[in-house]
Amino acid sequence: MNSRSNAGAVPASATSDNDARWDLVHRIAESQRFAKSQRLREFLLYVCRSALDHHLDEISEQKIGERVFHRAPDYNPNEDNIVRSQARLLRQKLEAYFATEGAEEPVVLRIPKGGYVPEFVQRPPDPVSVKPTLLEPFPPRVQDRHSVLPWLVGAVAILSLAVAVLSIAMIRTRPVAAPGAGSHALNALWSQLLNDKSPTTVVIPDHTYAMLQEAAGQTEDLQNYLRRSPPGDSARARQLTDLFPRFASRRYTTFDGVSTVVRVLQLAEKFGSRVLVRYARDITLRDLSPGNAILIGRPTTNLWTQLFESKLNFRIQSDLANHRVVWHNAAPRPGEPTEFVAKFDGTRLEGYSSVAFVSNLNGGNVLIIEGAASSSQEGAADFLTNDKLLTRLAEKIERDGRVPYFDALLRTVTIDGMSQEPSLVSYRVLSGP
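In the working numbering, the protein residues as written are 3 to 435.
What follows is the structure, given as structure tokens:
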């Protein structure tokens, strides 16, 4: 369906159809990035047309919720974060569009974090871009059906975008709710991780090493990682290192990892806590323990999580041969399956993530946030930083005003590119040290 017929939610316009910026908006809406994201197209069209027609009063979270996502006029955005969560996806798709299909567009469309009013910015004459190094033709000798290049180019493009937006996200991301009155669940958990006594170490995932494992077709353990040994040995892995001799030394992470860090930093400010953000490859066991730490990523992307797997009921296994991630249920309750695997039927993706709060090895606490995909990782971060969502778990397990150690499995459903609110599937209360 042509996106011009999908703009029923936007205000009537007499001018923007003759604006070159409006043509750009439609090129984006009709691109491959938005082909299966009907609601995100409507979101994009609504805010852009409102801006171009100077109806800035129509571009608010409340109005977008009503006009685009069909919420009731009196709905509470503080309790329903549909607009904020979809705005994150929209920004990701815009970043991806201008790095690929829209790489030659002279004007770049952005929706700055912290608001929803779009900006149309002239592209600099010599932009800093990943395009020249990632999209150049490669030598014919590697263009065969076994080549790792299609996988590599796509993966590195996404990871590079994540690194590129880090500084912007750190400054402009919408603040999370301040813990205090009405934020009981946030206080009950995060006061045990963030305080003014000592800094909390946040460890972001090492997606460079994850890609090396995928190329080798096998996962590695923490001991091998600490020796800085390359994962496995295979023709694909050798091809990768032959093409990019310094690839293994690069430090790539992903947007969802970065956005989770930003949420933690915002909470830390509210609690008056200092935070040290470290790349997984750059820390040692001495840096991690004792003290409080937050580990972002699953065992293949943040191998430090392997230290705590024995404490958990929901344990992640990356099946690299079949390109899937499985959550094993170590002690199923009546009616629970022994495994949880993501399901995709063309328009609906049902994914899983897990969040665990455990004791550190030599004193302190550790929070582990694991997701198999961007939507599920973001869902886990939403769950932990939204008082309404976290209350669903806290009210079941809270003791004396504090959340005890726990392991929880979450489900995130994405329909036509639109993520739904994460739901609590199952949980376990864990013992102490």
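Where is the CB? At the ideal position from N, CA and C, for every residue including glycine. Here the structure is a predicted model, which is why all the values come from computation and not from measurement.
Which term fits residue i, buried or exposed, when burial requires 16 or more other beta carbons within 10 angstroms of its beta carbon?
i, result
"Ser231", "exposed"
"Ala74", "exposed"
"Arg300", "buried"
"Val264", "buried"
"Val277", "buried"
"Gly104", "buried"
"Ser421", "buried"
"Leu195", "buried"
"Ala333", "exposed"
"Gly434", "exposed"
"Ala14", "In this prediction, Ala14 has a pLDDT of 49, which is less than 50 and means its spatial position is unreliable; what the coordinates show is noted afterwards. By the 10 Å Cβ count, Ala14 comes out exposed."
"Asp284", "exposed"
"Gly337", "exposed"
"Val109", "exposed"
"Asn315", "buried"
"Arg404", "exposed"
"Ala9", "Confidence is the limiting factor: at Ala9 the pLDDT is only 43, short of 50, which leaves the residue's position unreliable, though a coordinate-based value still follows. Buried, because 16 or more other Cβ atoms sit within 10 Å of the Cβ of Ala9."
"Asn80", "exposed"
"Asp76", "exposed"
"Val123", "exposed"
"Arg147", "Confidence in Arg147 is poor, its pLDDT being 38 and thus under 50, which makes the residue's placement unreliable; the coordinate value appears in the next sentence. Its Cβ having fewer than 16 others within 10 Å, Arg147 is exposed."
"Pro424", "buried"
"Ala396", "buried"
Under 8 Å between the Cβ atoms of residue i and residue j?
i, j, result
"Val368", "Val357", "no"
"Gln319", "Ser355", "no"
"Gly381", "Asn294", "no"
"Asp321", "Ser185", "no"
"Gln67", "Val49", "Note that residue 67 is Gly in the sequence shown here, rather than Gln. No. Outside cutoff."
"Leu26", "Leu111", "yes"
"Leu120", "Ala22", "In the sequence as displayed, the identity of residue 120 is Pro instead of Leu. No, the Cβ-Cβ distance between Pro120 and Ala22 is not below 8 Å."
"Asn304", "Ile298", "yes"
"Asp409", "Arg430", "yes"
"Thr2", "Arg253", "Residue numbering for the chain in the displayed model covers 3 to 435; residue 2 lies beyond these limits and cannot be assessed."
"Ser377", "Gly353", "yes"
"Leu392", "Leu242", "no"
"Glu107", "Arg93", "no"
"Ser193", "Phe273", "yes"
"Leu412", "Phe385", "yes"
Check the DSSP bridge columns for residue i and list the partner residues they point to.
i, result
"Ser361", "Asn367"
"Glu341", "His330"
"Ala410", "Val357, Tyr429"
"Phe249", "Answer is none; Phe249 lacks a bridge partner."
"Leu386", "Beta-bridge pairing links Leu386 to no other residue."
"Gly116", "Gly116 is not bridged to any residue."
"Gln124", "Val109"
"Glu372", "Ser356"
"Leu351", "Phe346, Thr416"
"Arg401", "Arg404"
"Ser421", "Thr416"
Any beta-carbon of chain B closer than 8 Å to the one on residue i?
i, result
"Leu26", "Reference to chain B is not applicable here, since this structure consists of a single protein chain."
Discussion item. Could you check whether the segment 37-48 touches the segment 87-100, counting it as contact only if at least three pairs of C-beta atoms, one from each stretch, sit closer than 8 Å?
Written reply: At 8 Å Cβ cutoff, the stretches touch.
Item to complete: Enumerate, from N- to C-terminal direction, the unbroken beta strand (DSSP E) stretches of 3 or more residues contained entirely within the segment 274-325.
Response: You should have 277-281, 295-298, 316-321.
Discussion item. Quick check for students: name the residue ranges of the alpha helix (DSSP H) that lie wholly in the segment 37-78, counting only runs of 4 or more.
Written reply: With a minimum length of 4 residues, the continuous alpha helix (DSSP H) runs that stay inside the segment 37-78 are 40-54, 63-69.
Worksheet entry | the segment 215-222 in contact with the segment 283-290 per 3-pair CB rule at 8 Å | Touching, no.
Discussion item. Taking contact to mean 3 or more Cβ pairs, one atom from each stretch, closer than 8 Å, check whether the segment 193-210 and the segment 248-266 are in contact.
Written reply: They touch, by the three-pair rule.
Fill in: Sequence ranges, alpha helix (DSSP H) only - wholly within the segment 179-216, length at least 4
The segment 179-216 contains these whole alpha helix (DSSP H) runs: 186-192.
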